[in-house]
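Colleague:
2 protein chains.
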Amino acid sequence: MIISDNLKMYVQKLRSSNLRPTKQRLKICQFLFNREKTFHFTVEILNKKINKNRGTKVSLATIYNTVEAFTSAGYLKEILTSKNKSYYDTNTKSHHHFYDEGSKELTDIHYSQIKLSKVPIPPKGKKIKNLEVVIRIQK
Amino acid sequence: MIISDNLKMYVQKLRSSNLRPTKQRLKICQFLFNREKTFHFTVEILNKKINKNRGTKVSLATIYNTVEAFTSAGYLKEILTSKNKSYYDTNTKSHHHFYDEGSKELTDIHYSQIKLSKVPIPPKGKKIKNLEVVIRIQK
DNA sequence: TTTCTAGTTTAGAATTATTATAAACTATAA
DNA sequence: TTATAGTTTATAATAATTCTAAACTAGAAA
Numbered sequence: 001m002i003i004s005d006n007l008k009m010y011v012q013k014l015r016s017s018n019l020r021p022t023k024q025r026l027k028i029c030q031f032l033f034n035r036e037k038t039f040h041f042t043v044e045i046l047n048k049k050i051n052k053n054r055g056t057k058v059s060l061a062t063i064y065n066t067v068e069a070f071t072s073a074g075y076l077k078e079i080l081t082s083k084n085k086s087y088y089d090t091n092t093k094s095h096h097h098f099y100d101e102g103s104k105e106l107t108d109i110h111y112s113q114i115k116l117s118k119v120p121i122p123p124k125g126k127k128i129k130n131l132e133v134v135i136r137i138q139k
Numbered sequence: 001m002i003i004s005d006n007l008k009m010y011v012q013k014l015r016s017s018n019l020r021p022t023k024q025r026l027k028i029c030q031f032l033f034n035r036e037k038t039f040h041f042t043v044e045i046l047n048k049k050i051n052k053n054r055g056t057k058v059s060l061a062t063i064y065n066t067v068e069a070f071t072s073a074g075y076l077k078e079i080l081t082s083k084n085k086s087y088y089d090t091n092t093k094s095h096h097h098f099y100d101e102g103s104k105e106l107t108d109i110h111y112s113q114i115k116l117s118k119v120p121i122p123p124k125g126k127k128i129k130n131l132e133v134v135i136r137i138q139k
């Protein structure tokens, strides 16, 4: 069940992403944003989890569209990887990742855990939008 | 024409990647390593450039296999992106990138241009293999 | 409330990148 | 020179994503 306060929040997120609140999109919101902690996911995972149990079914196309809209609205962040699959993060704050080459898992690194003492000047006419560090780890 | 000194270097790279030197692989080497400057590429680009003009034709499968072997041997580096396509770099030294969100182009940042004053401790039992910074830029 | 329309959902087709397959070919050691 | 393990290739298979167009619906206007 969607509790009323969250519903408002979901509708606000959808509207500001230029999406009408529909039951499919609200179900996606519920799965993505009704949480204590942020998490990482792929569209494949989202599709499985959302359509696993009874209730509104949501098509793959709708999941792709909604995730894409949330990403460009800034409610989701795409994660940089070397895999041919898109990874997303519900943590949109500036932060970094460990990437385990063995298990292929991503773990968050809090922003404060990394400090840069020197950053290059961007090319002329360009501004820095964001800076991400990926630390590849292995056994 | 492959000049003799480079040929030796290519054969060495191939052998140490567990690949026999064949004319197809040598043609790939020539394109990748017969250069002043390092560069970024995708398999698609490699395929086009290599098969554009006369001479030995190389199949897509061979290109994929060779690039994969060079990558695990450490002669090429896979680049982290948010695209569903693999990007490679002939610069295998530790370095960083600007990623232009407009033009979707990658530019190298020399290692010395970024300095970290604080780096997190990796999870237990894991070692840091490498650390990459991607700076997203826009107009 | 009803109606209208622009926006939405969906199944399935199309596209794109990559990996697998298996038959014909070749480097190279003996 | 020959045998064979490795290689190449066209093509098929797979996987992720995007496209399409017909059926459906939110919500503004009457």
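If you read the sequences in order, they're chains V and P. For the first sequence, position 49 (counting from the first letter as 1) is numbered 49 according to the working numbering, and the numbering increases by one without interruption. For the second sequence, position 31 (counting from the first letter as 1) is numbered 31 according to the working numbering, and the numbering increases by one without interruption. Positions of the beta carbon are idealized from the N, C-alpha and C atoms, including for glycine. For clarity, every value in this text was computed on a predicted model and none was experimentally measured.
1. Throw me the rounded Cβ distance for the Arg25 (chain P) and Thr92 (chain P) pair, which I believe falls under 8 Å.
2. Can you tell me which of V:Asn34, V:Ser103, V:Asn18 puts its alpha carbon nearest to the alpha carbon of Phe140 (chain V)?
3. Against Val43 (chain P), what residues of chain V qualify as contacts under a CB-to-CB distance less than 7 Å, listed in chain order?
4. Bridge partners for Arg136 (chain P) per DSSP, in chain order?
5. Give me, in chain order, the residues of the same chain whose beta-carbon lies closer than 8 Å to that of Ser76 (chain V); leave out the 5 immediate sequence neighbours on both sides.
6. Is Gln138 (chain P) closer than 8 Å to Glu105 (chain P) when the C-beta atoms are compared?
7. Below 7 Å CB to CB, which residues in the same chain sit around Glu132 (chain P) once its five sequence neighbours on both sides are set aside?
8. Considering only residues of the same chain and omitting the five flanking positions on each side of Phe41 (chain V), which have a CB-CB separation below 6 Å?
9. Going by DSSP, name the residue or residues bridged to Glu78 (chain V).
10. Does the Cβ of Ile2 (chain P) have 16 or more other Cβ atoms within 10 Å, making it buried, or fewer, making it exposed?
11. Pull up the distance between the alpha-carbon of Phe98 (chain P) and that of Ser72 (chain V), whole angstroms please.
12. Would you kindly report the start and end of the unbroken alpha helix (DSSP H) that includes Leu46 (chain P)?
13. Please go through the same chain and pick out, in chain order, the residues whose beta-carbon is closer than 6 Å to the beta-carbon of Ile135 (chain V), but skip the five residues on each side of it.
14. Going by other Cβ atoms of all chains shown within 10 Å of its Cβ, with 16 needed for buried, is Ile10 (chain P) buried or exposed?
15. Going by other Cβ atoms of all chains shown within 10 Å of its Cβ, with 16 needed for buried, is Lys13 (chain P) buried or exposed?
16. Straight-line CA distance for Ser16 (chain P) to Leu116 (chain V)?
17. With DSSP collapsed to three states, give me the class of Met1 (chain P).
18. Using DSSP bridges, identify the partner residues of His40 (chain P).
19. Mind pulling the chain V residues with CB within less than 9 Å of Leu116 (chain P)?
20. From the beta carbon of Glu78 (chain V), is the nearest beta carbon of chain P less than 8 Å away?
21. Using the C-alpha atoms, what's the distance from Asn130 (chain V) back to Ser112 (chain V)?
22. Would you identify the three-state DSSP class for Thr107 (chain P), choosing helix, strand or coil?
23. Taking Cβ positions, are Val140 (chain V) and Ser86 (chain V) nearer each other than 8 Å?
24. Thinking Ile50 (chain P) and Ile28 (chain P) are a contact (beta carbons under 8 Å), I'd like their distance in whole angstroms, please.
25. Where does the unbroken alpha helix (DSSP H) through Lys27 (chain P) begin, and where does it stop?
26. Checking 8 Å against the spacing of the C-beta atoms, do Ile63 (chain V) and Asn47 (chain V) come in under that value?
27. Ignore the nearest five residues each way along the sequence and tell me which others in Pro122 (chain P)'s own chain have a CB closer than 7 Å to its CB.
28. Are Lys23 (chain V) and Thr56 (chain V) close, meaning C-beta to C-beta below 8 Å?
29. Quick check on Gly125 (chain V) - is its C-beta less than 8 Å from some C-beta in chain P?
Modeller: Judging by the given coordinates:
1. About 18 Å; that fails the 8 Å criterion.
2. Within the shown structure, residues of chain V are numbered from 1 to 139, placing residue 140 (chain V) beyond reach of any answer.
3. None at all; the shortest Cβ gap to chain V is about 11 Å.
4. V:Asn130, P:Tyr99
5. A small fix is needed here, since residue 76 (chain V) is Leu in this sequence, not Ser. Once the five neighbours on either side are set aside, the close Cβ partners of Leu76 (chain V) are Leu32, Val67, Phe70, Tyr88, Asp89, Thr90, Thr92.
6. no
7. Leu80, His96
8. Tyr88
9. V:Tyr88
10. Only weak support exists for where Ile2 (chain P) lies, its pLDDT of 46 falling under 50; the value from the coordinates is given anyway. By the 10 Å Cβ count, Ile2 (chain P) comes out exposed.
11. 20 Å
12. 43-52
13. Phe98
14. Looking at the sequence itself, residue 10 (chain P) is Tyr, so the reference to Ile does not match. Tyr10 (chain P) comes out buried.
15. buried
16. 37 Å
17. Below a pLDDT of 50, predicted positions are generally treated as unreliable, and Met1 (chain P), at 47, falls in that range; the measurement from the model is reported next regardless. Coil.
18. P:Asp89
19. Ile114, Lys115, Leu116, Ser117, Lys118, Val133
20. yes
21. 15 Å
22. strand
23. Outside the shown range of chain V (1 to 139) lies residue 140 (chain V), about which nothing can therefore be said.
24. 7 Å
25. 23-33
26. yes
27. Ile128
28. yes
29. yes
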